[in-house]
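S.K.: Each number in this note's numbering comes from the position in the sequence shown (counting from 1) with 45 added on.
Note that the Cβ used here is the ideal one computed from N, Cα and C, for glycine as well.
Sharing a structure with you now.
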Amino acid sequence: MLRPLLLAGLVLGAAACNRSDEGTSVSINADGGNVMGAINGETGEMKIDVPGFKGSVTLPKIKLDSGDFDLNGVKLYPGSSITNVAVTGDGQEGGGLRVRFASPATPDVVRGWFAERLAKVGYRVKADGANLIGTTDENKPFRLELAPDGAGKASGTVVIGG
46 MLRPLLLAGL VLGAAACNRS DEGTSVSINA DGGNVMGAIN GETGEMKIDV PGFKGSVTLP
106 KIKLDSGDFD LNGVKLYPGS SITNVAVTGD GQEGGGLRVR FASPATPDVV RGWFAERLAK
166 VGYRVKADGA NLIGTTDENK PFRLELAPDG AGKASGTVVI GG
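Pasting the structure below:
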């Protein structure tokens, strides 16, 4: 439960500094799958619902991109932007991390780029169609789901854990 709250603190710090027109949505789920904190990327509204405190506030929108993402030193494909981050607590069904992103390259290019770099940092991944599947360096399930998103572009989701 502490890790999701720490992540929320980091995200909130970033939110206070960024005044972009487009935003990234963030949700933190724990306590049996209940949403404990969320930021709406379209409106900037942040909601917190934890034991002893419940409230909402509108903050400047945050915009996360390839420089804000790191898997053991592996960033998102250059020029990518993060559209959604979802964190769920350990021990929950589907617990882990999901990061959705948009990339300025085709799914094949993005898959090859990730496969090469992840192998260097201890991930064991293999191609599965346009996707990558395997395990992290800590032996947790890893999946990179990719789909075309217009001419020469891809949308993707990095899933670590369930």
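So what does residue 199 bridge to, in DSSP terms?
M.R.: In DSSP, residue 199 forms a bridge with 148 and 193.
S.K.: Going by CA-CA distance only, name the one from 156, 108, 123 and 101 that's closest to residue 193.
M.R.: Nearest C-alpha to residue 193 among 156, 108, 123 and 101: 156.
S.K.: Which residue marks the beginning of the beta strand (DSSP E) containing residue 133, and which one marks its end?
M.R.: 126-133
S.K.: With DSSP as the reference, label residue 142 as helix, strand or coil.
M.R.: strand
S.K.: Considering only the alpha carbon of each residue, which of 154, 127 and 150 lies closest to residue 144?
M.R.: 127
S.K.: Tell me, which residues are paired with residue 90 by DSSP?
M.R.: Paired residues: 103.
S.K.: Between the C-alpha atoms of residue 188 and residue 202, what's the straight-line distance to the nearest angstrom?
M.R.: 8 Å
S.K.: For residue 120, which option in 141, 166, 184 and 183 has the closest C-alpha, if you only look at C-alpha atoms?
M.R.: Comparing Cα-Cα distances from residue 120 to each of 141, 166, 184 and 183, the minimum goes to 166.
S.K.: Write down the C-beta distance between residue 198 and residue 147 rounded to the nearest angstrom, noting that I regard them as a contact closer than 8 Å.
M.R.: 7 Å
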